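In my numbering, the protein residues as written are 6 to 529.
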């Protein structure tokens with residue numbers, strides 16, 4: 006609240022102080038252009054034109070050298086300020102047209118690095134409107150980027166931080182978009198994830214309480230209410246009408262209730278339309294496998310929670326491929342346990358989607374749940390992709406020291422596991438795995454794959470998705486499951502018949518199988 010008391014004065018001016026200084030400097034820049042006028046050799050035909058026989062041509066340039074020309078030059082800088090305000094008012098900042106400071110190649114490379122960072126670290130490159138220091142350090146430590154490119158990318162990161170801030174402030178001050186629309190605009194153009202809470206916090210900092218309520222708590226105008234009722238009766242959802250009239254969904258809902266308009270049906274507040282596939286496809290099988298392992302399905306829609314952002318991204322891609330869905334509700338689950346990684350949640354609110362998936366999935370009786378029969382008719386390659394989803398969601402790599410009581414020596418556990426607590430479902434997963442020629446067995450709610458030949462077949466025919474991480478505070482929390490699996494396979498090159506004398510000795514051997522991850526401090 007103290008920050009709120011200090012900042013309103015400069016923010017009452019639609020032109021922030023930081024932008025005033027460069028605009029004033031830009032206003033003084035034309036002065037050097039007046040230097041040719043101070044010397045006045047070209048304007049005065051007295052001295053230099055004399056050697057020429059025909060002085061008349063020298064009189065023609067005078068309009069070009071007219072002392073009034075500086076007044077024509079002054080607006081050269083002025084439009085920059087006006088254009089920036091116009092771009093803020095409309096929010097019409099394209100995908101970073103940065104030809105003056107940064108070329109398109111840097112922008113393209115930067116976006117690819119953002120995706121790669123999220124896949125490999127299970128973290129987002131930005132925190133609110135700022136790109137994180139960890140993301141910058143990751144760029145600096147990236148061996149595939151040369152030093153010059155690193156400097157450009159890190160400078161570009163700082164540049165984007167400023168652009169994000171200006172764009173949000175501009176849309177708050179000069180556009181009529183609501184909080185959600187501003188978030189969607191930012192996320193679409195910059196390919197990041199900014200929440201409503203972040204934009205709302207910025208708005209409250211630069212607007213007074215009264216102005217904030219007037220700006221973002223807009224109600225329906227009297228003449229708009231009949232239009233809304235008519236469109237709603239014709240099939241438009243509350244969410245669609247809220248977006249069209251730039252009001253909150255609850256505003257639409259309350260007005261409809263006030264005028265006695267009955268709701269379309271359950272779940273209308275967050276209705277998402279889908280285009281359902283006409284036949285059972287491998288992509289649909291993968292989406293169903295993800296819901297069966299890590300998903301939550303009810304009559305309102307479907308959601309997924311996981312510590313790996315790569316799996317959340319896979320969920321969104323499969324939803325788009327199968328149902329042409331573009332609207333997702335994403336959040337981070339609050340968790341005060343320091344021993345657990347951050348958990349991401351993604352939800353699709355759609356009664357229509359829930360009904361479609363319900364024809365293939367019945368998790369109401371999980372103990373007797375089964376996979377759709379169509380999955381067993383897929384090709385071996387497609388079955389491998391379905392199992393890859395399942396293992397990426399509920400699978401793990403057991404690669405750790407264990408003591409053998411008979412010999413009192415330490416050996417290494419080497420196996421791949423898939424957890425499942427449904428007696429019927431776990432048998433079907435095993436059937437799919439064995440259909441690929443991979444031997445496995447069930448033990449205490451887990452499918453176990455052991456022995457080198459089976460593990461090699463798993464690597465070739467199934468594997469894990471790229472970027473799927475390991476739980477926090479485990480031996481390999483800094484590595485992905487793929488990296489742990491590769492180290493496990495590498496360990497077979499060193500047969501250990503007698504085992505190790507101590508756990509520390511066994512751990513030292515295991516760690517030697519991983520490529521070291523060096524970290525250098527970012528200098529920018």
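All C-beta atoms in this analysis are idealised placements derived from N, C-alpha and C, irrespective of residue type, glycine included. This one's a predicted model, so the numbers in the text were calculated from it and none came from an experiment.
Cα atoms of residue 252 and residue 334: separation of roughly 18 Å, rounded to the nearest angstrom.
Counting other Cβ atoms within 10 Å of its Cβ, residue 428 stays below 16 and is therefore classed as exposed. The DSSP-derived three-state label of residue 185 is helix. Under the criterion of beta carbons closer than 8 Å, residue 492 and residue 406 do not qualify as touching, at roughly 14 Å. Counting only runs of at least 4 residues, the region 393–441 fully encloses the following alpha helix (DSSP H) elements, listed from N- to C-terminal order: 428–439.
Between the beta-carbon of residue 126 and that of residue 143 there is about 7 Å, and that keeps the pair under the 8 Å contact cut. DSSP, read as helix, strand or coil, puts residue 226 in coil. Its Cα nearest to that of residue 118, the residue 147 stands out among 396, 326, 147, 336.
Judged by DSSP in its simplified three-state form, residue 136 adopts strand.
Check the Cα spacing between residue 301 and each of 354, 262, 284: the tightest is with 354. Annotation: the continuous alpha helix (DSSP H) that includes residue 205 extends over 201–211. About 4 Å separates the beta carbon of residue 415 from that of residue 505, a gap short enough to meet the 8 Å contact definition. A Cβ-Cβ distance of about 7 Å is found for the pair residue 421 and residue 400, placing them in contact under the 8 Å criterion. Cβ-Cβ separation between residue 136 and residue 165: approximately 7 Å, consistent with a contact (criterion under 8 Å). In this structure residue 370 is exposed. Its beta-carbon is surrounded by fewer than 16 other beta-carbon atoms within 10 angstroms. With contacts defined by Cβ atoms closer than 7 Å, residue 391 and residue 490 do not form a contacting pair. Secondary structure of residue 151 (DSSP, three-state): coil. Nearest Cα to residue 327 within the set 183, 297, 313, 281: 281.
Comparing C-alpha distances from residue 234 to each of 265, 224, 211 shows the shortest one belongs to 265. Residue 311 has 349 as its beta-bridge partners, per DSSP. Spanning the alpha carbons of residue 139 and residue 260 requires a straight line of approximately 47 Å. Residue 316 is positioned such that its CB atom lies no closer than 7 Å to that of residue 291. Secondary structure of residue 480 (DSSP, three-state): coil.
Taking the Cα positions, residue 457 is about 7 Å away from residue 494.
When C-alpha distances from residue 465 are compared across 499, 479, 386, the shortest belongs to 386.
Relative to the Cα of residue 452, the nearest Cα in the group 499, 433, 198 belongs to 433. Take residue 396, set aside five residues on each side of it, and the residues of its chain with a beta-carbon closer than 7 Å to its own are 423, 467, 469, in chain order. The continuous stretches of alpha helix (DSSP H) do not include residue 301, which lies in the beta strand (DSSP E) extending over residues 300–303.
The three-state reading of DSSP puts residue 473 in coil, since its state is none of H, G, I, E or B.
One thing to note: residue 243 has its Cβ within 7 Å of the Cβ of residue 257. Between the alpha carbons of residue 499 and residue 171 lies a gap of roughly 58 Å. Cα atoms of residue 349 and residue 474: separation of roughly 13 Å, rounded to the nearest angstrom. Annotated three-state conformation of residue 371 is helix, per DSSP. In this structure, residue 312 sits near residue 346, with a CB-CB distance shorter than 7 Å. Look at residue 485 here: in three-state DSSP terms it is strand.
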